Amino acid sequence: VFGSGKNAAIEYDTTQTPDSWLFGVPALSNALIVCEKADMGVDFAHAQQTNPTLFIQSADATDVTQWIGICHDQTNAAFTRGKGIFSFDAGIATAGGIISGINAQTGTTYTPVLGDAGKVVTLDNANPIAVTVPLNAAVAYPIGINIDFFQKGAGKVTFAGDGGVTVSSRGGCLSIADQYVGVTLIKMDTDTWYLVGDLKV
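In my numbering, the protein residues as written are 3 to 203.
Take a look at the structure:
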């Protein structure tokens with residue numbers, strides 16, 4: 003048993019097949035936190051977890067929101083994060099395809115947020131909808147990120163860049179062509195985006 007309490011334990015278990023090392027996480031937190039040795043006195047303030055969860059903190063102890071988490075939520079394998087997005091330096095091979103998250107919007111204005119990266123944003127309103135692409139200074143998407151938009155309602159969806167943001171498209175068309183049509187926004191440079199898909203003026 004390690005630490006001042008008795009909720010955490012490391013043991014070599016010969017009842018496993020094959021024999022294995024086991025780490026039992028404390029029931030009060032259900033968390034295992036990996037950090038720099040110098041940061042071990044920092045309170046990373048992770049909430050109590052329902053399932054055993056591995057948290058890996060960045061080397062910046064002044065910002066405790068820089069972490070990734072790995073667990074199984076009793077239904078699916080779950081990868082979570084604090085600040086930033088997931089970044090991979092190579093392609094991802096999957097056996098069952100990639101499932102995109104959906105952000106359902108029903109208002110007449112929308113400004114994409116960092117969490118929309120790689121997601122499908124549905125836009126559902128009978129009235130016209132204005133999508134404003136934010137400055138990098140406001141929402142720092144990495145270059146190359148894609149966001150899909152789907153016009154679910156009858157309201158015409160039109161894109162525009164916030165002051166200083168350039169949104170380029172074929173023929174200068176910046177509106178989704180019709181209801182039940184999807185388009186993709188791709189970040190090409192700091193404040194430069196391409197809008198591709200079935201568009202109209």
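Built from N, CA and C at the ideal position, the CB exists for glycine as well.
From a predicted model like this one, the values you see are computed outputs, not experimental measurements.
Where the beta strand (DSSP E) containing residue i begins and where it ends
i	result
His74	Trp69 to His74
Asn32	Per DSSP, Asn32 belongs to no beta strand (DSSP E) and is neither H nor E.
Thr55	Thr55 to Gln59
Tyr14	Ala11 to Asp15
Asp150	Asn148 to Gln153
Ile131	Ile131 to Val135
Phe81	Ala79 to Arg83
Status (buried if at least 16 other CB within 10 Å, exposed otherwise) for residue i
i	result
Val3	Its pLDDT being 47, under 50, Val3 is placed unreliably by the model, and the measurement read from it follows with that caveat. Exposed, since its Cβ has fewer than 16 Cβ neighbours within 10 Å.
Ala33	buried
Ser89	exposed
Val36	exposed
Thr17	exposed
Leu24	exposed
Trp195	buried
Gln76	exposed
Ile2	Residue 2 lies beyond the stretch modelled for the chain, which goes from 3 to 203, so this question has no answer here.
Residue i - partner residues in DSSP beta bridges
i	result
Ile104	Val122
Asp2	Only positions 3 to 203 of the chain appear in the structure, and residue 2 is not among them; the question remains open.
Val159	Ile131
Leu24	Glu13
Whole-number beta carbon distance between residue j and residue i, since they are thought to touch under 8 Å
i	j	result
Leu2	Val167	Beyond the ends of the chain as shown, which are 3 and 203, falls residue 2; an answer cannot be given.
Val135	Leu187	7 Å
Contact test: residue i Cβ vs the ligand ADP heavy atom, cutoff 7 Å
i	result
Ala119	As for the ligand ADP, it is missing from this structure, which has no ligand bound.
Original post:
Okay, do the stretch 44-55 and the stretch 23-33 touch, 3+ Cβ pairs below 8 Å being the bar?
Top reply: Counting Cβ pairs under 8 Å, three or more are found: they touch.
Subject >> Sufficient close CB pairs (3 or more, under 8 Å) joining the stretch 64-71 to the stretch 80-94 >> reply: Judged by pairs of C-beta atoms under 8 Å, the stretch 64-71 touches the stretch 80-94, as three or more such pairs exist.
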